[in-house]
Every structure is written in C-alpha cells, then in structure tokens.
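First up is the structure itself, then whatever we jot down about it.
In the numbering used here, the protein residues as written are 1 to 258.
Structural data, given as structure tokens:
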C-alpha cells in the first residue's frame, strides 16, 4: 500500500503532537507538512520544517488533519477546497454557521468532521442514542463533562455531541430539550438534558450520560487515559477517507456503526 501523505495543522498543540506520534508509528502514513497558526521559535517537528503557508503545505499532502481553532479550520477548508484535498477536522467550538460552511465544501471534497475521534466515545454516542429511545420519556438526562483546566469551551464538543445523540433518540433538536449551558451544579429535570461541566487539573476527558427516573438509573461513562485515543482515531479516519472523493462524514461512518 502506498503511504498516505498527511499534513497536520496545529502541529505544536497537544493534539497535533499526539497525531504526529501516531503518524510516525503508522506503516501506512507519512508526515509531509506541519503547519502552525502562530509564529514560533521552534523550527522543526519530527524532522519536518514548520510552515505558516497553508497553500504550499497542503499542496504536498493527500489529506490534511486539522485540530486547531475554528478560525484556522475554516481557513483550512478554504485551501483544501482550492487544492481539492481531503480534510479531517477535529477542532471543537465551531458554531452552526461555521459547520454549515464545512458541509457546503464537502459537496466538492471529502471531509470527516468529528469533535471527538475516540473510538470509545463514538460507541458511547451510539449507546446514548439507543438509551434515549428507551429511557428518556420518563426520565431526566444529565451529561457530565470533565476536562483539564486549560480547556476553554464548555460544554465541550463531545458533551454537545452526547446531547445531540440523546435528542436524536427522541427525534428532537437539542435546543428543544436543553438550555445548552454549562451548569455548575447538577440538577434533574424530567424530559430535559442538563450539562454539568468541570475544568480542573490535567484530566484528559471524562464524559458520562446519566438517565434517572423514580425507579432506576443508568449511567454510561467514558474515561480517556491519554490523548493517543483521539490521535489513533484521526489516523483511522485518514485511512478510511483516502478512497472517498467527496462527502461530509463523521466517525460513525468511519467505524461503520449506527
């Protein structure tokens, strides 16, 4: 199999570094471009010169992996579209308008968009949707979203995806059954989804979905031990995307579930 040439946007970030580690141990991929959003004194990573020119950097790659910022990710969409390159976006914090632009671009190029590429988290999303179909009609739903103190968005992209999964189980929009705000104290409301968010220490990510009624409670939980779970998912997505010409995909598509 010919190696897939990858470009990583946000190469010096926590996720960027993990993705590069995974690329270096993959027999099917190679790093050809490393891109940073902000200027840095660091010149190279993994023997690749750090670039600030996406047009030049993307031209060397088959697939671009972007874990950066919403603004930078939209810029990556622009250049990927211009150069007809495949794109994987794991950036969180994008709003509906920004996601709409990504979907529009996917009519011409292939894009995997997933706020969390962990295989375990995506299984949790599937289970949450199924549980919602059975439990939510006479229960409250809580989503616990715990991350390290440096994570800015709350609820996180993963927590929102869990909310969407529960809402899908009821054929409803999330905004119809939740205020979609990061609550500081836990509360239970019948037929409502409440988000409880904590930012502390160096926790990689802990997510729970709890359904409670007057007779019983069910809890679905995922705990990430390190960021390699997300990086491994991104590489899996790249291998899967390599033969797709266009379309908007998520990790359910990559994993063949749901």
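By construction, the Cβ of each residue, glycine as well, lies at the ideal position given by its N, Cα and C atoms.
Inset, instruction - Note the first and the last residue of the continuous alpha helix (DSSP H) segment covering residue 20. - result: Against the chain shown, residue 20 aligns to sequence position 20. It spans 14-25 - the alpha helix (DSSP H) in which residue 20 sits, taken as one unbroken run.
Legend entry - Meets three-Cβ-pair contact criterion under 8 Å: the stretch 94-104 and the stretch 58-76: Segment contact: the stretch 94-104 against the stretch 58-76, three or more CB-CB distances shorter than 8 Å; contact assigned.
Legend entry - residue 154 to residue 144 span [Cα, whole Å]: Taking the chain shown and counting its residues from 1, the one referred to as residue 154 is at position 154. Taking the chain shown and counting its residues from 1, the one referred to as residue 144 is at position 144. Spanning the two alpha carbons is a distance of roughly 11 Å.
Legend entry - Assumed close pair residue 56, residue 88 - CB separation to whole angstroms, cut-off 8 Å: Position 56 of the chain shown, counting from 1, holds the residue named residue 56. Position 88 of the chain shown, counting from 1, holds the residue named residue 88. Residue 56 to residue 88, Cβ: 20 Å. No contact.
Inset, instruction - Could you tell me which residues DSSP puts in a beta bridge with residue 98? - result: Mapped onto the chain shown, residue 98 falls at position 98. Looking at the DSSP output, residue 98 shares a beta bridge with no other residue.
Inset, instruction - Determine, using beta-carbon pairs with one atom in the stretch 57-69 and one in the stretch 2-12, whether at least three such pairs fall under 8 Å. - result: yes
Inset, instruction - Sort out for me which residues DSSP pairs residue 28 with in a bridge. - result: Position 28 of the chain shown, counting from 1, holds the residue named residue 28. BP columns for residue 28 are empty, so no partner.
Inset, instruction - Have a look at residue 26 and residue 6 and give me their C-alpha separation to the nearest angstrom. - result: Here residue 26 refers to the residue found at position 26 of the chain shown. Here residue 6 refers to the residue found at position 6 of the chain shown. Near 12 Å, if we compare the C-alpha coordinates of residue 6 and residue 26.
Inset, instruction - Indicate whether residue 216 and residue 169 have their beta-carbon atoms separated by less than 8 Å. - result: Start at 1 with the first residue of the chain shown, and residue 216 comes out as number 216. Start at 1 with the first residue of the chain shown, and residue 169 comes out as number 169. The criterion of a C-beta distance shorter than 8 Å is not satisfied by residue 216 and residue 169.
Legend entry - Neighbourhood of residue 197 by C-beta distance below 6 Å, restricted to the same chain and skipping five residues each side: Mapped onto the chain shown, residue 197 falls at position 197. Counting only Cβ-Cβ distances below 6 Å, and skipping sequence neighbours, we find 145, 154, 155 and 182.
Inset, instruction - Only counting runs of 4 or more residues, tell me where the alpha helix (DSSP H) segments fall wholly within the stretch 113-141, in order along the chain. - result: 119-135
Inset, instruction - Give the straight-line distance between the Cα atoms of residue 274 and residue 121, rounded to the nearest whole angstrom. - result: Absent from the model: residue 274. The displayed extent of the chain is 1 to 258, so no value can be given.
Legend entry - Through-space distance from residue 1 to residue 199, alpha-carbon basis: Locating residue 199 in the chain shown gives position 199, where the first residue counts as 1. Locating residue 1 in the chain shown gives position 1, where the first residue counts as 1. Cα to Cα, residue 199 sits roughly 43 Å from residue 1.
Inset, instruction - Report yes if the C-beta distance between residue 220 and residue 209 is below 8 Å; otherwise report no. - result: For the purposes of this step, residue 220 is identified with residue 220 of the chain shown, where counting begins at 1. For the purposes of this step, residue 209 is identified with residue 209 of the chain shown, where counting begins at 1. Yes.
Inset, instruction - For the alpha helix (DSSP H) holding residue 75, just list the boundary residues, first then last. - result: The sequence position of residue 75 within the chain shown is 75, counting from 1. Looking at the DSSP string, the run of the alpha helix (DSSP H) that includes residue 75 is 70-83.
Legend entry - Test item: CB-CB of residue 227 and residue 44 under 8 Å: Counting from one through the chain shown, the residue named residue 227 turns up at place 227. Counting from one through the chain shown, the residue named residue 44 turns up at place 44. Against a cut-off of 8 Å, the Cβ pair of residue 44 and residue 227 comes out as no contact.
Legend entry - One or two residues paired with residue 218 in a DSSP bridge: For the purposes of this step, residue 218 is taken as residue 218 along the chain shown, with counting starting at 1. 211, per the DSSP bridge assignment.
Inset, instruction - List the residues that DSSP assigns as beta-bridge partners of residue 196. - result: Taking the first residue of the chain shown as position 1, residue 196 is located at position 196. Partner(s): 144 and 183.
Inset, instruction - Check whether the stretch 246-256 touches the stretch 102-116, counting contact only when three or more Cβ pairs, one atom from each stretch, lie closer than 8 Å. - result: yes
Legend entry - For residue 66, the first and last residue of its enclosing beta strand (DSSP E): Stepping through the chain shown from its first residue, residue 66 is reached at position 66. It spans 63-66 - the beta strand (DSSP E) in which residue 66 sits, taken as one unbroken run.
Inset, instruction - Provide the residue span of the alpha helix (DSSP H) that contains residue 254, from first to last. - result: Translated into the one-based positions of the chain shown, residue 254 becomes position 254. Per DSSP, residue 254 belongs to the alpha helix (DSSP H) from 251-255.
Inset, instruction - Output the distance between the C-alpha atoms of residue 131 and residue 235, rounded to the nearest integer angstrom. - result: As a working mapping, residue 131 is identified with position 131 in the chain shown. As a working mapping, residue 235 is identified with position 235 in the chain shown. Between residue 131 and residue 235, the C-alpha separation is close to 29 Å.
Inset, instruction - Please work out which residues of its chain come closer than 6 Å, Cβ to Cβ, to residue 193, disregarding the five sequence neighbours upstream and downstream, and give them in chain order. - result: Residue mapping note: residue 193 aligns to position 193 of the chain shown, counting from 1. By the criterion of a C-beta distance shorter than 6 Å, residue 193 is surrounded in its chain by 141, 163, 166, 177 and 178, once the five residues flanking it on both sides are discounted.
Inset, instruction - Mark residue 31 as exposed unless 16 or more other C-beta atoms lie within 10 angstroms of its C-beta, in which case mark it buried. - result: Within the chain shown, residue 31 is the residue found at index 31, counting from 1. With 16 or more Cβ atoms within 10 Å of its Cβ, residue 31 is classed as buried.
Inset, instruction - Taking 8 Å as the cut-off, decide whether the C-beta atoms of residue 83 and residue 59 are in contact. - result: The residue labelled residue 83 in the question sits at position 83 within the chain shown. The residue labelled residue 59 in the question sits at position 59 within the chain shown. In this structure, residue 59 lies closer than 8 Å to residue 83 by Cβ.
Legend entry - Reduced DSSP category for residue 44 - H, G, I as helix; E, B as strand; rest coil: Position 44 of the chain shown, counted from the first residue, corresponds to residue 44. Three-state DSSP puts residue 44 in a strand.
Inset, instruction - Please check the pair residue 231 and residue 63, which I expect to be a contact at CB under 8 Å, by giving their CB distance rounded to whole angstroms. - result: What you label residue 231 is simply residue 231 of the chain shown in a count that begins at 1. What you label residue 63 is simply residue 63 of the chain shown in a count that begins at 1. Your pair residue 231 and residue 63 does not check out as a contact, with CB atoms roughly 14 Å apart and the cut at 8 Å.
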